[in-house]
Each structure stands twice: as C-alpha cells, then as structure tokens.
Amino acid sequence: MEHRRRGLDLVVDALACPLCRSVVVTTTSAVVCENGHAFDIARQGYVSLTTGRATAGDTAEMIEARDRFLGAGHYDPIVDAVVDAVPSSAAGLAVDVGGGTGYHLARVLTARGGLDGIVLDTSKPAVRRAARAHPRLGAVVADAWAGLPLRTGVAAVVLSVFAPRNPAETLRVLREDGVLVVVTPTPRHLAELVSAVGLVSVDDRKEERLARQLARFDLEGSIDLEYPITLDRRAAVDDVLMGPSGHHADAAAIAAALESLPDPLSTTVSVTVSVFRPTPTGGPDAPAADVGGPA
Ligand SMILES: C[S@@+](CC[C@H](N)C(=O)[O-])C[C@H]1O[C@@H](n2cnc3c(N)ncnc32)[C@H](O)[C@@H]1O
Ligand SMILES: [Zn+2]
C-alpha cells in the first residue's frame, strides 16, 4: 500500500476537508483535518473526500471499457494535444476533474516533470485505477457538484476531458496564472456509432454553451482535432460503453445494437481542445455549473 499512496502524500497540502474546508494531513491510515474529520485511505491508496450522497459516477464495467479503449491508444492524439496544451514551464499542481482512470493526467505528469497531480472523480472503480496510474498522482473520490475538496488557488493546471465541469469551483482552485484545458466532442464525434446505436448526439450549440459556462475565463486558444479510427467490434462496444450509454445498457445490449455495422468499423474522432485562463479582472458572472458532454 505504501508505494501506492505516495502520490496522495505528495499532494496532501492541496487538499481540503469536504466537511469544513480546513487543511488536512495524512496519517498512516487516514486523511484528517484540523477539526478531526477523518477519511480512511483505502488499501489501493486513494481517499474518498465526499459528504453524504454523491453523484453516481461511471460503473466498474464502464471503467474497464475505458481502460481497454484508452490503453489501445485510440485516443492518444487527444492525449498528445492535452499534453501540448499544458505549458512546458508549468510547475506545481495539475488537477484532472472527472479524471477517470488517470490516463490523461499520467501522460501530462510524465511530460511535465514540474507537476504533481490529483485525479478527482466520483467513481470508485475509476479512482482505484488512477491511484496506480503514476507515482506523482494522488487519487481522490469527490463529487464535483458538491465542490472540489481542494484549497483555494492551488492548481497551476486544471484538466476537463469529456467530463462534468464546475466553473465556479474551477475558478476558485486555479491559480491566477493557471490554465484550464478542456476537451469537448464536436457534433461529428463518432457520428457513425452515434447513428447506429442511437446515442445521445452532441448538441450543435455545445461550444456556445461552453463559452457561456466559462464566462469568467479568457479563451487563449483552441484546436479542432479530427482523425479517422478503425474499431473492431470489441473496441466499438467499449467506445459506446465508456460513454453516457454505459449508464443505460450493458455490453451485450450494445453489441446487439451494433450487429448490423461492419466489423471492423471506420468512424471519426472529432474534438475541440481549448485552453482558458482566469480573466484577470473577474469578468461577468457565470452560471454556477453545467454538465460536460458524452465521451
Ligand atoms: C466520460 S468520463 C471521462 C473520464 C476521463 N476524463 C477520460 O477522458 O478518460 C466522465 C468521468 O466523469 C466522472 N464524473 C461524473 N460525474 C462526476 C461528478 N459529479 N464529479 C466528479 N466526477 C464525475 C465519471 O465517473 C467519469 O469517470
Ligand atoms: Zn473537517
């Protein structure tokens, strides 16, 4: 267990108690705040900093599908674009909100030696994997809607990759000179799969919505990334399973829905990678929170 929680010990100074927001320390078996609230460190090296009822995150089956799919490299061009979006001089803490298995953040940490990292995710199966994704990564179960269990102004980098966003909390935890990197799907993302299985498609006005949500940030730049991929049936099922449909259908039901499609299947990955910085003067008020899109 000791080696797995090394990442957690590295980043504990950035964490805050989810109950009273005070600073925390690690003991041999728990994360404990100044007021004595204690949160057990799991055998796998992660900690749950949640209060009461948390939003249900991705299921174990969805996370296994995500692990297989990302591990096969299908989204590596996206990961590369995320790494490129993080300034090479970035130093301090990088936080991946809704960071899943830690795949993206681990790659960022490998490429940017000045950063340590925290994955926040509400899914235990995801965070269990994230805890072993990189030695400089601490993994924390947290519900982004309940507020981020982080101290104010601790993050040099925040990532939001196909994940829910809490703009007000992101602004609070980001340093004034920090960057927010957001990956969102475009309406063309996986269009062939979307039409075949009747997935919820990405709404055309997503970019407009993103800009509205992040009204207290300045858009520094964005790139549209589009490339073809060929997926065998297993990978096609995983791709659907690891997205929002995975909450409603299991692998067998998804495989049945894909039966009439060619195997292997050619489809298109299409995303926008955007870099934002906090607006120096504060800017107009933004809505408190909104949900990210499908993976
Ligand atoms: C589509 S997945 C993306 C995961 C990861 N960013 C990636 O690209 O591999 C969305 C993630 O957000 C997590 N999630 C959903 N609601 C959340 C919430 N309220 N707070 C934190 N994480 C949440 C899910 O458990 C899931 O891991
Ligand atoms: Zn406390």
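Residue -14 is where the sequence shown starts when you use our numbering, and the numbers rise one by one after that. All C-beta atoms, glycine included, are put in the ideal place defined by N, C-alpha and C. None of the values given here were measured: they were computed from a predicted structure.
Rounding to the nearest angstrom, what Cα-Cα distance links residue i and residue j in this structure?
{"i": "G138", "j": "V260", "result": "18 Å"}
{"i": "L216", "j": "V182", "result": "15 Å"}
{"i": "A274", "j": "L195", "result": "Below a pLDDT of 50, predicted positions are generally treated as unreliable, and A274, at 45, falls in that range; the measurement from the model is reported next regardless. C-alpha separation (whole angstroms): 11 Å."}
{"i": "R(-9)", "j": "G123", "result": "8 Å"}
{"i": "P272", "j": "V143", "result": "Confidence in P272 is poor, its pLDDT being 48 and thus under 50, which makes the residue's placement too unreliable to answer from."}
{"i": "N20", "j": "S7", "result": "8 Å"}
{"i": "Y88", "j": "A118", "result": "7 Å"}
{"i": "E211", "j": "P249", "result": "19 Å"}
{"i": "L156", "j": "L178", "result": "35 Å"}
{"i": "S245", "j": "C2", "result": "51 Å"}
{"i": "A79", "j": "L159", "result": "9 Å"}
{"i": "R242", "j": "A141", "result": "It should be noted that the sequence gives Ala, not Arg, for residue 242. For A242 and A141, the distance between alpha carbons rounds to 43 Å."}
{"i": "V(-3)", "j": "T11", "result": "7 Å"}
{"i": "P170", "j": "S255", "result": "6 Å"}
{"i": "L4", "j": "I239", "result": "40 Å"}
{"i": "R150", "j": "A237", "result": "31 Å"}
{"i": "G42", "j": "G30", "result": "19 Å"}
{"i": "R218", "j": "E46", "result": "17 Å"}
{"i": "G163", "j": "V71", "result": "10 Å"}
{"i": "E154", "j": "R97", "result": "24 Å"}
{"i": "L55", "j": "D61", "result": "7 Å"}
{"i": "F24", "j": "A220", "result": "37 Å"}
Are the C-beta atoms of residue i and some chain C residue less than 8 Å apart?
{"i": "A153", "result": "Included in the structure is just one protein chain, with no chain C present."}
Under three-state DSSP, which class holds residue i?
{"i": "D209", "result": "strand"}
{"i": "D61", "result": "helix"}
{"i": "P265", "result": "coil"}
{"i": "S230", "result": "helix"}
{"i": "R160", "result": "strand"}
{"i": "L55", "result": "helix"}
{"i": "G98", "result": "coil"}
{"i": "P110", "result": "helix"}
{"i": "A176", "result": "helix"}
{"i": "A124", "result": "strand"}
{"i": "P152", "result": "helix"}
{"i": "D217", "result": "coil"}
{"i": "V225", "result": "helix"}
{"i": "G(-8)", "result": "helix"}
{"i": "V93", "result": "helix"}
{"i": "V68", "result": "helix"}
To the nearest whole angstrom, what separates the beta carbons of residue i and residue j, a pair I think is in contact under 8 Å?
{"i": "V32", "j": "V125", "result": "6 Å"}
{"i": "R92", "j": "V64", "result": "5 Å"}
{"i": "L34", "j": "P134", "result": "4 Å"}
{"i": "L0", "j": "R121", "result": "Contact doesn't hold; Cβ gap of about 15 Å is too wide."}
{"i": "L165", "j": "S145", "result": "7 Å"}
{"i": "F202", "j": "R114", "result": "In fact, because the Cβ distance is near 30 Å, the residues do not count as touching under 8 Å."}
{"i": "G83", "j": "A148", "result": "3 Å"}
{"i": "S180", "j": "V258", "result": "The pair is not a contact, with the Cβ atoms about 25 Å apart (cut-off 8 Å)."}
Exercise for the section: Please confirm if the region 48 to 55 is in contact with the region 226 to 235, defined as three or more CB-CB distances below 8 Å between the two stretches. Expected result: These segments touch.
Handout entry: Within 5 Å of ligand 1: residues by beta-carbon to any heavy atom
Key = Sorted by position in the chain, T40, G42, D43, G83, G85, D106, T107, S108, A111, D128, A129, W130, V146, F147, A148, P149 and A280 make up the residues whose C-beta lies under 5 Å from a heavy atom of ligand 1.
Practice task
Would you check if the region 92 to 111 and the region 68 to 77 touch, i.e. whether three or more CB-CB distances between them fall below 8 Å?
Solution key: With the cut-off at 8 Å, the region 68 to 77 and the region 92 to 111 touch.
Practice task
Under 6 Å from any heavy atom of ligand 2, by CB: list those residues in chain order, please.
Solution key: That query returns the following residues: C2, L4, C5, S7, C18, N20 and H22.
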